[in-house]
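To start, the structure under review is shown below, and the notes come after it.
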Amino acid sequence: MSPINKYLIFISILIIGSSCKSTRITKQINRDLETNFYNNQFTGFLVYNPKTKDTIYQHNAQKYFTPASNTKIFTLYTALQMLPDSIPALKYNVKNDTLTIVGTGNPAFLHTYFKDSTALNLTKKYKIVNIIENNLADEKFGPGWAWEDYDTYFNPERSAFPVYGNVVTISNLDSLICTPGIFKKNISDTISKHRRSYNENIFYYNPKHTDSVEIPLVLNRFTSEEIWKDLLPTVNFTTKIPSHLETVYSIPSDTLYKRMMHVSDNFLAEQMLIMASSTLSDTLSSKNAREFILENHLKTLTEKPRWVDGSGLSRYNLFSPKSFVDVLSKLYSSIPKARLFNLFPAGGTSGTLKKWYAGTNQPYIYAKSGTLGNNYSLSGYLITNTGETLIFSFMNNHYTKPTTEVKQNMQTIFEDLRNTY
């Protein structure tokens with residue numbers, strides 16, 4: 003037999019073997035999804051092999067779903083395309099002894115986790131400091147956000163120049179501690195089902211508690227001035243943006259991205275889109291960033307999403323499993339695997355996946371979860387026992403069973419996929 007014929011036979015065996023494997027996987031997943039458990043919910047699932055460019059499995063892959071925090075995958079992609087290696091802390095202009103600083107949406111400034119003091123250090127060098135922080139076109143809350151979440155840690159207001167993460171942090175060890183300290187006088191020990199008054203910065207904290215809580219601030223011009231005057235008594239607020247601005251940078255961008263993805267931080271996600279828009283204009287607008295990325299970097303998406311915020315808090319968002327796999331594929335092809343996987347929670351190891359999808363000796367899932375009432379999705383990367391990397395999006399909407407049961411059923415499917423592909 004000639005070498006060419008031997009080669010053709012070898013290739014044919016590989017193709018047939020791969021086809022049989024895909025058929026077995028398809029039959030097994032179909033059996034899983036056809037059980038009674040999935041009868042009364044809407045499910046979409048797509049699995050793709052980026053090396054062979056084969057679709058391993060698809061079910062409702064082009065249908066639209068409520069994505070919850072899976073939206074943050076698009077936000078991460080946007081930031082990676084539009085922001086540099088260090089985040090833009092602020093823009094500034096110097097004229098004689100006067101410094102004018104303009105907000106870029108940087109969420110790290112004096113944040114309790116990042117502790118970025120770039121802006122404050124810069125201001126100390128000048129006799130006169132003017133601040134512009136009204137250059138945000140967005141509303142402070144996103145469209146479709148639940149109004150009753152106003153006092154929850156995951157729902158801070160959006161702003162052009164965040165300080166302290168736009169929250170007040172209260173704890174009680176040997177004594178009551180409040181950051182920023184100027185709001186300590188606003189803390190009441192009145193027992194309340196809410197942690198803050200609806201429209202004012204009056205906070206409710208039981209002094210018998212020792213846990214630390216973060217409560218969103220009501221932001222307005224008075225609140226901003228109060229916070230800044232405490233930091234820099236001579237600061238002035240103005241509205242006229244200078245014609246020439248320079249940018250100063252602070253923490254590594256990956257530090258921000260990893261935190262946002264691992265703990266699913268809504269505030270960081272929202273502000274990342276706002277920061278991305280600062281590279282387009284001095285007027286900040288997350289809508290501008292979303293439209294720019296869709297019209298330029300993601301113009302080939304076959305199902306253009308309805309994308310209304312950066313965090314996924316809104317139920318107005320609509321994405322398909324295929325759109326997530328497409329974006330995850332773009333990330334996989336353009337970013338070194340070690341860096342990319344470090345940004346995503348790892349199953350059984352870190353972030354929101356610490357208690358789920360654990361591997362035997364090492365993680366086999368690197369993915370972003372998304373949870374809203376009656377909705378749970380997971381999209382990311384799966385490493386098979388043979389070393390293949392598969393890209394997937396598994397979306398579940400409108401179920402009435404406990405989310406734990408949804409995760410358990412998903413985990414069974416993921417383990418079968420890991421073991422058999």
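Residue numbering for the sequence shown follows the working numbering, starting at 3 and increasing by one per position.
Note that CB positions come from ideal geometry on N, CA and C, so glycine has one too.
Only a predicted model underlies this, so the values are computations on that prediction, with no experimental measurement involved.
Along the alpha helix (DSSP H) that carries residue i, what are the first and last residues, could you check?
i    : result
K324 : P323 to S336
S226 : R223 to L233
I75  : T73 to M84
T391 : Segment T391 to N399 is the beta strand (DSSP E) holding T391; no alpha helix (DSSP H) there.
E272 : N268 to S279
L122 : T120 to T125
L342 : K339 to L345
Taking the DSSP output, what are the residues bridged to residue i?
i    : result
Q430 : Not covered by the structure: residue 430. The range shown for the chain is 3 to 423.
V131 : L101
V250 : L92
N238 : N132
Y206 : S190
A348 : Y368
Give the straight-line distance between the Cα atoms of residue i and residue j, rounded to the nearest whole angstrom.
i    : j    : result
Y251 : K127 : 17 Å
T240 : P307 : 38 Å
V327 : K210 : 48 Å
S14  : T388 : Annotation note: pLDDT 48 at S14 (below 50); position unreliable, coordinate value reported separately. One C-alpha to the other measures close to 20 Å.
F346 : D99  : 45 Å
I134 : S371 : 36 Å
Y423 : E202 : 56 Å
F156 : F416 : 29 Å
N238 : V265 : 36 Å
L16  : R420 : Caution applies to L16, whose pLDDT of 44 falls short of 50 and renders its modelled position unreliable; the value that the coordinates give is listed next. Whole-angstrom Cα-Cα distance: 19 Å.
L112 : F163 : 11 Å
D233 : T114 : Position check: residue 233 holds Leu in this sequence, whereas Asp was assumed. Near 15 Å, if we compare the C-alpha coordinates of T114 and L233.
S190 : K260 : 35 Å
L175 : E216 : 15 Å
F12  : E390 : Confidence at F12 is low in this model, with a pLDDT of 49, below 50, so the placement of that residue is unreliable and no value is reported for it.
N344 : F396 : 21 Å
I193 : P182 : 22 Å
E150 : G314 : 16 Å
N268 : L35  : 31 Å
K117 : Y166 : 8 Å
P86  : T285 : 19 Å
So, using beta-carbon positions, are residue i and residue j closer together than 8 Å?
i    : j    : result
N108 : M277 : yes
S255 : I89  : yes
I75  : V408 : no
S287 : D153 : no
G349 : Y334 : no
S381 : F394 : yes
Y94  : L138 : no
P244 : T102 : yes
A91  : T120 : yes
L275 : A291 : yes
G146 : V310 : yes
S322 : Q60  : no
L296 : A110 : no
S226 : P52  : no
N376 : H400 : yes
S177 : S214 : no
Quick one: what does DSSP say residue i is sitting in, helix, strand or coil?
i    : result
E305 : coil
K502 : Here the chain has residues from 3 to 423 only, and residue 502 is not among them.
F416 : helix
Y40  : helix
T1   : The chain is shown only over 3 to 423; residue 1 falls outside these bounds and no answer can be derived.
R160 : coil
L138 : strand
A70  : helix
I189 : strand
S245 : coil
R317 : coil
Y155 : coil
L16  : Any reading at L16 is ruled out, since the residue's pLDDT is 44, under 50, leaving its predicted position unreliable.
Y115 : coil
R197 : coil
S24  : helix
K65  : coil
T388 : coil
V310 : coil
T422 : helix
Please report the residue range of the beta strand (DSSP E) in which residue i lies.
i    : result
I367 : I367 to L374
S173 : V169 to N174
L255 : Leu is not the amino acid found at residue 255; the sequence shown has Ser there. That residue, S255, is in no beta strand (DSSP E); its alpha helix (DSSP H) goes S255 to V265.
E293 : Element bounds for E293: not the beta strand (DSSP E) but the alpha helix (DSSP H), S288 to E297.
L384 : N377 to I385
L178 : L178 to T181
E150 : No beta strand (DSSP E) contains E150, which DSSP labels as neither H nor E.
I217 : V215 to P218
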